[in-house]
Each structure stands twice: as structure tokens, then as C-alpha cells.
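Presented below is the structure to which this report refers.
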Amino acid sequence: MRSTWRIQFYILAALLLTTFHAFSYHIAGGDFTYRWVSGNTFELKLTLYRDCSNPAGSNFDQTIIVGVYSKSTNLLIDSVLMNLGDKDSLSLSGTGCTPPPQVCMQYGNYINTVVLPPNPAGYYVVWERCCRNSTITNLLNPDEAGMVFYAEIPDPALHSSSPVFNSFPLPYICEQQFFRFGFQATDIDGDSLVYVLSAPLDGGHTSQFNPNPFSVSGGSTNPTAPFAAPYTSTTWAPGYDISNICGSNIPLTLNSATGEIEVVPDFQGIYAMAVEVREYRNGVFIGLVRREIEFYVIACTGNSAPQLPPLVAGLHNVNVFATDTINFEVKAVDHEGDSVFIIHYGDIFANSSALAIDPPYAQSADAIGNDSATTFFTWNTGCQHVSSNPYHVNFEASDNGCPLILTSIGKLFIKVNPAPTAPKSNLLCIELMDSSVLKLTRVSDTTVIDRYFDHFLLYRSINGSPFLPYKIITDKNPLLIYDSAAYNNRNIDYCYVLSSFNKCNKESLRSDTLCSVSHLNQNRNYIQSVSVIAENTIELKWEPFNAGIHTGYYIYKKQHENGSLQLVKSLNQYADFNWVDTEVQTSEHSYCYAILNEDVCGNKSDTSLTACTILLSGQSRPFINMLQWTEYINWRGGLGQYNLLRQAEDIEPFYNVVASIQNELIHFDHDLPMNNGTSKYYIEAKEGMNGATSLSNEIELAQSLIIYVPNAFSPNNDGSNDAFLSQGSFVKDFEIKIYNRWGQVVFEANNINQHWDGKFQDKQSPMGVYFYKMRYKGFDEINFTEKTGSLTLIR
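If you use our numbering, the sequence shown corresponds to residues 64 to 858, in order.
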């Protein structure tokens with residue numbers, strides 16, 4: 064869509080530009096170039112740029128005086144008078160667009176020749192001019208810094224002409240829109256060019272706001288050449304520097320090879336910058352030209368850049384594996400209905416000057432459309448494309464809107480990683496089919512990824528010879544592999560390893576080795592523990608091993624005291640490494656277990672060492688519980704210690720009565736609680752190194768009740784026998800009643816620790832004989848015992 068700007072744009076731009084020019088003198092930049100004519104004669108050309116939007120601003124000078132200095136001595140060689148030649152206005156908008164209102168930029172050319180004597184150090188040419196716009200955003204006190212125009216000329220004997228900029232600068236760009244502009248230059252000598260951002264130069268003199276031509280001496284009526292170098296840089300305003308000329312989140316950058324600048328300016332204003340073009344011949348620096356320019360950032364409300372899809376808009380890092388295919392659509396849409404132009408470039412396209420890969424190349428195409436445009440990207444990556452550095456792919460979508468063409472950028476950084484290899488293969492077993500045929504069984508592996516897998520390779524060794532490639536297997540998941548040429552395999556040792564290769568011919572880790580002569584199952588089990596985990600329940604645990612989940616197990620058992628091991632359980636394709644036995648009497652016997660496994664080829668391992676449960680037993684003696692237990696044997700780390708744990712009441716937890724019992728299988732528990740005649744015990748055995756644990760059965764021991772009843776007491780407060788008190792140990796239940804001779808109950812209690820103080824109804828009972836009736840029961844008894852007797856109260 065081609066249209067003039069809307070009314071609001073005129074108002075905003077007019078206000079902005081009026082503010083910018085309130086205190087300005089309208090010199091916007093310029094650049095020196097030179098051309099070798101013949102002999103030692105050179106043509107000098109200075110192109111100045113003038114902001115012509117304010118008629119009251121200064122015009123081009125008709126005549127200027129340029130200084131030519133020796134680079135090695137800074138001595139003035141010549142003062143060159145240069146007259147204004149052609150001048151014209153710069154084009155400020157796209158074809159068919161109305162330029163922004165009150166934006167005006169003119170150029171004027173000054174040309175003359177100069178004869179330079181030979182000088183290996185070369186020369187520089189310079190001119191100063193007042194004044195900069197006073198409202199430049201990124202410089203401090205810009206109207207007090209004279210503008211310097213400068214170029215360096217190599218030894219005239221080289222007959223060198225300077226690079227020449229290919230286009231005029233564009234003096235304005237749109238706020239918050241991507242902008243690219245080329246400072247490219249052409250060198251007719253074919254020298255190498257390097258582009259460098261540079262700070263604006265300060266002539267070092269105060270202009271006093273004088274719009275007339277500025278010169279160091281002589282004034283406006285008799286100007287002379289400017290002083291010699293060095294020239295200092297202007298002072299950046301706070302928040303600005305050479306690395307961020309516009310103070311934007313996306314700073315202004317310059318491509319040193321192409322001279323293109325890119326920026327997304329965040330704020331309106333006037334910004335000063337400079338670009339140097341440095342000239343090299345055979346790798347040696349010989350000269351430079353320099354363009355200084357000011358540009359406006361304005362609000363452009365009449366157009367917005369086409370929108371790229373999220374997949375490519377902005378910056379994106381893409382990680383793929385070699386042999387992967389990348390394929391996606393790029394559709395750009397313009398919401399103003401302008402024409403859309405998509406271009407692509409990068410270092411993986413066949414027609415790229417920066418081509419960085421071998422075929423196959425990435426495929427895409429430029430595209431044009433009304434309102435929108437669509438293209439596609441495809442790249443079939445290869446093994447040769449693996450790189451530690453990412454490849455670059457750019458998509459740019461531009462419109463033909465007004466006043467400027469706007470562009471959206473999509474940048475992809477594609478990292479091609481090595482194709483993954485399959486995990487290490489596992490060979491489970493080898494089986495002798497006959498004297499010339501061996502069968503290898505491999506673990507099924509679902510993690511092999513089809514798109515990267517290429518083949519398996521079986522290596523074979525005969526009687527200790529080096530392993531050599533023997534068979535290629537293209538099936539990605541072979542479970543059975545046959546060797547039909549393993550002659551006399553019962554006497555000749557055939558050994559095998561297996562590995563896989565991906566499509567980039569990268570080999571995985573090789574499997575463990577299997578051999579025909581030593582083909583017996585070598586996975587002898589190790590029993591980590593046998594433990595009583597509940598009454599009449601034993602858990603058997605054994606050490607896991609790689610082939611364990613593909614294995615059958617045979618479990619053997621016997622009573623510790625006698626008999627031989629008998630097969631009690633067969634477990635086929637058993638994935639766990641423990642088994643629970645409930646066909647036991649854990650309080651009566653210790654049980655011993657052994658285990659062997661059988662691989663998928665039917666080869667049985669040797670039987671494991673025997674491991675037996677700990678059987679705990681005990682006896683009660685007066686005030687002592689004796690405990691004894693069977694030994695735990697065949698731990699790999701040896702026995703570390705036994706711990707004896709006791710529980711006094713069911714509501715209390717077990718706790719260590721004795722810890723770290725070593726080299727003993729018996730213990731006497733003397734420290735019994737007198738108020739509780741029953742104790743539960745179990746043994747905990749711990750391995751010496753690896754921390755395995757085995758638990759015994761639980762037992763319960765009860766102490767017999769002991770009770771004593773006195774036959775007299777004297778409640779006279781003399782401190783001796785002042786109360787009637789029964790005494791006992793391990794008493795569970797107790798009741799007593801005391802009667803006088805008339806049959807009255809004078810005292811009763813249901814706790815053996817309660818006493819009678821000789822009083823009845825708060826009065827002292829008389830001396831004499833009293834009778835008692837007592838009922839009591841111990842922890843090891845079911846029924847109560849009743850007892851009667853007499854006692855004498857003495858006063």
C-alpha cells in the first residue's frame with residue numbers, strides 16, 4: 064500500500080523537528096575522499112551534509128581552506144583552497160512516498176587538486192567547521208564542539224586512490240523499528256577495506272555559537288588552515304558511548320567486513336556517529352577515509368514492519384543431531400496490506416559467499432506477495448556438518464511502505480551435534496548348539512533410535528587372538544545371533560563382543576566378552592541377608608546383577624539343625640532380587656538358604672554360599688533373663704556386631720539393651736524392670752563392611768512373681784514399721800482387704816505399693832490382731848492366687 068502519511072504523523076514530526084532546530088546551526092556531517100590523477104597529483108573531494116529544514120540556518124560556505132599535514136611530523140605541507148561545486152538535496156523516502164515533513168538534507172561538494180611530494184609516512188588532510196546541532200542527544204554540549212573532517216593519504220608513490228562511499232547517508236530512521244544502512248565503499252585499486260565505528264571528532268575549539276565558517280586564526284574574513292592533529296573525540300552524554308550510540312536495548316552495530324550498520328532505536332532524538340574505512344594493501348595499513356553524520360530518530364506511525372512467525376522472529380538457538388532434517392514454513396504478514404518481500408541468506412546455502420559446509424546444502428527461496436509472502440526452509444543435515452560452532456541462517460521480511468521500507472529480522476543459530484550412538488550392548492549368554500554352531504543371546508533394548516542406528520558389528524577372537532570384525536547385523540534389535548563357523552567349539556575357545564554403529568559410523572561402547580569354552584554361567588549369586596521380618600515370615604535378599612532381570616532362580620532351604628538343602632522354589636524370569644518365605648516356624652527353627660540362577664540359555668550358575676536366619680531363645684531365672692542365639696555366617700564383609708533389643712511393654716518401642724556384642728552368642732540381662740515381669744527381645748546382626756542387616760525372631764520371657772507380707776507393724780512414728788506394706792516384684796495384679804475382729808474392713812487397696820497407717824475412719828485403731836485377705840497374679844500367670852492371714856498392730 065502506497066499512501067501519504069496520516070495527519071498525526073505530520074503533527075508529531077513537526078513538533079519534534081521544531082524542537083530539534085531551536086538552537087542549531089545545521090552542519091550534519093561530511094567526508095573527505097581523494098583520487099590519484101597522475102604523478103604526485105591528487106584530487107581532493109570534501110562532501111558536506113547540511114540540515115536545510117530551517118531556512119535561518121547557515122548555508123554552505125563558498126570557499127574553504129583545507130590543511131594537508133605530514134603524518135610523521137604534523138608539519139603543514141600545503142593549504143588548499145576549495146570552492147563549492149555542485150549541491151543538491153538527498154532523497155529522503157522510498158519511491159512514490161511523501162518525505163517526512165520539514166525534514167531536509169542537502170549535500171555540497173568541494174573539489175581541488177594538490178601536489179604531494181614523496182613521503183613514506185604519508186599525509187592527512189583536515190578541515191574544521193562550526194557548528195553541530197545544539198540538541199544532539201548523545202553528545203555533551205554539542206554546539207561547543209567543532210566538527211572535524213579528516214582523511215589519511217599514503218605515500219604518493221603508491222598512486223593510491225581512497226575508497227569512495229557508494230551512497231549518501233539517510234538522515235532519519237524510525238523509532239522502535241529495525242534499521243539497516245550500508246556505509247559500503249568501493250576502492251578502485253582493489254585494496255582490502257575494514258569498517259570501524261568511531262566517535263565524532265572535536266576540533267578542540269569553542270565556536271561561541273558562531274554560524275560562520277570557523278578557523279583557528281584569521282576570523283571569517285581571512286581564514287587559515289586548521290591546526291594539526293591530534294584531535295580529541297567529543298564527549299559522550301551520560302548513558303552513551305561507542306558501544307551503544309543510541310542507548311538502545313539492541314545497540315547500533317557495524318559489520319566490519321560489509322560496512323552495514325544495524326540498530327533498533329528505542330528513543331527519539333538526534334544522534335551523532337562516525338564510520339572509518341581503513342584501507343589495507345597486502346595486509347599493510349595504508350590510509351583511511353572517514354564519514355561523520357547526524358541522524359534523526361522519529362516516530363513513524365504510518366507503517367509497521369511485516370511480522371515473521373515466532374519460529375524465526377528474533378534470535379533462536381536450534382540444536383539438532385547429524386542426519387536430522389530441519390523443515391519449516393516461513394510466512395510473513397504485513398498488517399497495512401503492503402507488498403512483502405522475504406529474502407534469506409546464511410552460511411549453509413549453496414549460493415552463499417560465506418558457504419561453510421559441504422553438500423547437502425540447505426534449501427530455501429526468496430518470496431514476494433501482497434499482504435503476505437511464504438517460503439520454506441529444508442536442510443537434510445549430514446555427518447560432515449557436525450561443528451562446535453553454530454551455523455547462521457537469516458530471514459528478512461520487508462515491505463514497500465511509506466515513508467521508509469521497514470524490515471523484520473529472524474536469526475537462527477543452528478548447532479549440529481554428533482549423532483548419538485546406541486547404549487552399550489549386553490550379551491546375556493552363549494550356548495553350544497552343536498560342535499560348529501554357537502548361539503549368542505542379546506538383551507532386548509528399546510532405547511535404540513531408528514533414525515540414528517545403522518548396524519551392529521560382532522567381533523570374534525579364536526583362542527586368545529585379537530578381536531576382528533566378524534559379522535555385520537543390520538537388524539536394530541537382534542535377540543539371537545548365530546555363528547555357524549565355530550568349529551570344534553568344545554575345544555577351541557571362541558570369544559565375542561558386540562557393538563553398534565550410528566549412521567555417521569560412530570561406534571558405541573562394546574559389550575562384555577562371552578567365550579565358548581568358558582560359557583558356563585559365571586553369575587554366582589551372593590545372599591546379602593536372610594531376616595525374620597514378621598512371625599513365621601523370612602525375607603531372602605540377594606545382590607543384583609546386570610543379567611538378573613532376565614534370569615530364573617532356584618531357591619534351596621533346610622532347617623539349620625539337620626537335613627540337607629532341598630529345592631523349595633523356582634522363579635522364572637524374575638525381575639526382583641528378593642523373595643519371602645512364609646512356610647516357616649521362626650520361633651522353633653533357624654532356616655538356611657542357598658540360591659543359584661539360570662540364564663536365558665539354560666546355563667546354571669554355581670550355588671551361592673549358605674545363609675541362615677538367627678534363632679533367638681532364652682530362659683527366665685530369678686531377676687535374670689538368659690538369651691542365646693545362633694550365629695550368622697557367610698557375610699562377605701564378615702560379622703560386624705550383634706545388637707540385643709528389648710521391649711518392656713507393648714506400648715513402648717524396642718531399644719538397645721546391649722550394642723556391639725562381638726564373638727558372643729549368649730547374654731544375661733540383669734537389669735530388668737521390677738514393675739514389669741515380661742520382656743520381648745530380638746537380635747540385630749550387622750555386616751562388618753557393607754552394612755547389611757539380619758533380624759532374628761522375637762521371644763518373650765516372663766519373671767515369676769515374688770511377694771512378701773509382714774505379720775506385724777507399729778504405727779508410733781518411730782521410723783520403724785510405722786505402716787503395714789506388702790512388698791513384691793513382677794506383680795501384675797494385686798488386691799488386699801484388712802478386717803478387725805468384728806469383720807469390718809478397716810483398709811483395702813489394689814496396688815501393692817499402697818500401705819495401711821493403722822487408722823480407721825481417721826481414728827487410730829486399737830492394738831490387737833487383724834485379719835487380711837489378698838488376691839494377686841504375676842505376668843506369667845493366668846489365674847489369681849488368694850491368700851489369707853493375720854497381722855498384729857502394736858502400739
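Glycine included, every Cβ here is placed at the ideal spot set by N, Cα and C. Quick caveat: nothing in here was measured; it's all calculated off a predicted structure.
Open item on the list: With DSSP as the reference, identify every bridge partner of Cys655, one or two as the case may be.
Closed with: Lys621, Cys675
Open item on the list: Taking only three categories from DSSP, how would you classify Asp206?
Closed with: helix
TODO: Taking 7 Å as the cut-off, decide whether the C-beta atoms of Asp329 and Ser311 are in contact.
DONE: yes
Open item on the list: Going by beta-carbon coordinates alone, are Gln331 and Glu238 separated by less than 7 Å?
Closed with: yes
Open item on the list: Helix, strand or coil for His448? Go by DSSP, reduced to three states.
Closed with: helix
Task: C-beta contact flag for Phe241 and Ile472 at 7 Å - done: yes
Task: Cross-strand partners of Ala430 (DSSP beta bridge) - done: Ile405
TODO: Report, in whole angstroms, the separation of the C-beta atoms of Asn688 and Leu764, which I expect to be a contact under 8 Å.
DONE: 5 Å
Task: Residue from Thr537, Ile128, Trp299, Phe686 with nearest C-alpha to Asp734 - done: Phe686
Open item on the list: How far does the beta strand (DSSP E) with Ser592 in it extend, from its first residue to its last?
Closed with: 590-597
TODO: Keeping to the same chain, check which residues put their C-beta closer than 7 Å to that of Phe228; ignore five residues upstream and five downstream.
DONE: Asp94, Phe246, Ala248, Arg354
TODO: Apply the 10 Å Cβ neighbour rule to Ala610 and answer buried if 16 or more other Cβ atoms are within range, or exposed otherwise.
DONE: buried
Open item on the list: Assuming Phe519 is part of the beta strand (DSSP E), what are its boundary residues?
Closed with: 516-525
Open item on the list: Does the CB of Ile770 have a neighbour CB from chain B at under 7 Å?
Closed with: The chain labelled as chain B is not found in the depicted structure, where only one protein chain is given.
Open item on the list: Under 8 Å: do the region 188-195 and the region 207-224 share three or more Cβ pairs, one atom per stretch?
Closed with: yes
- [ ] Using beta-carbon positions only, say whether Leu233 and Phe244 come within less than 7 Å of one another.
- [x] yes
Task: Residue burial classification, His398 (beta-carbon count within 10 angstroms, cutoff 16) - done: exposed
TODO: Could you say if the region 104-113 and the region 177-185 meet the contact criterion of at least three C-beta pairs nearer than 8 Å?
DONE: yes
Open item on the list: In this structure, how does DSSP classify Ser87 when only helix, strand and coil are distinguished?
Closed with: Residue confidence for Ser87 is low, a pLDDT of 37 falling below 50, so the modelled location carries little weight and cannot support an answer.
Open item on the list: Helix, strand or coil, according to DSSP, for Thr848 in the structure here?
Closed with: strand
Task: Supposed contact pair Thr437 and Glu392 - C-beta distance, whole angstroms, cut 8 Å - done: 6 Å
- [ ] Name the residue from Thr741, Pro716, Gln691 whose alpha carbon lies nearest to the alpha carbon of Glu727.
- [x] Gln691
Task: Local conformation of Ala337 per DSSP, three classes - done: strand
- [ ] State yes or no: is the C-beta of Ile618 within less than 7 Å of the C-beta of Trp605?
- [x] no
Task: 7 Å Cβ shell around Leu788 - same chain, five flanking residues per side excluded - done: His818
Open item on the list: For Leu707, list the residues DSSP reports as bridge partners.
Closed with: Val721, Ile746
Open item on the list: Give me, in chain order, the residues of the same chain whose beta-carbon lies closer than 8 Å to that of Gly322; leave out the 5 immediate sequence neighbours on both sides.
Closed with: Gly245, Phe246, Gln247, Ala248, Leu256, Tyr258, Val338, Val340
Open item on the list: Restricting to Cα atoms, I'd like to know which of Asn753, Pro736, Ala460, Ser116 is closest to Gly701.
Closed with: Asn753
Open item on the list: Would the region 734-750 count as touching the region 765-777 if we require 3 or more Cβ pairs under 8 Å?
Closed with: yes
Open item on the list: Classify Pro289: buried if its beta carbon has 16 or more other beta carbons within 10 angstroms, exposed otherwise.
Closed with: buried
- [ ] Closer than 6 Å by C-beta to Ala262: which residues in its own chain qualify, once you throw out the five before and the five after it? Chain order, please.
- [x] Ser296, Ile305
TODO: Could you tell me the distance, in whole angstroms, from the CA atom of Ala395 to the CA atom of Asn366?
DONE: 15 Å
Task: Residue range of the beta strand (DSSP E) that includes Tyr235 - done: 235-237
- [ ] Starting from Leu109, follow its DSSP beta bridges and name the residues at the other end.
- [x] Phe95, Tyr173
Open item on the list: Excluding the 5 residues flanking Gln271 on each side, which residues of the same chain have their C-beta closer than 7 Å to its C-beta?
Closed with: Bear in mind that the predicted position of Gln271 carries a pLDDT of just 42, short of 50, making it too unreliable to give a figure here.
Task: CA nearest to the CA of Asn780, picked from Ile127, Lys749, Lys822, Ala812 - done: Lys822
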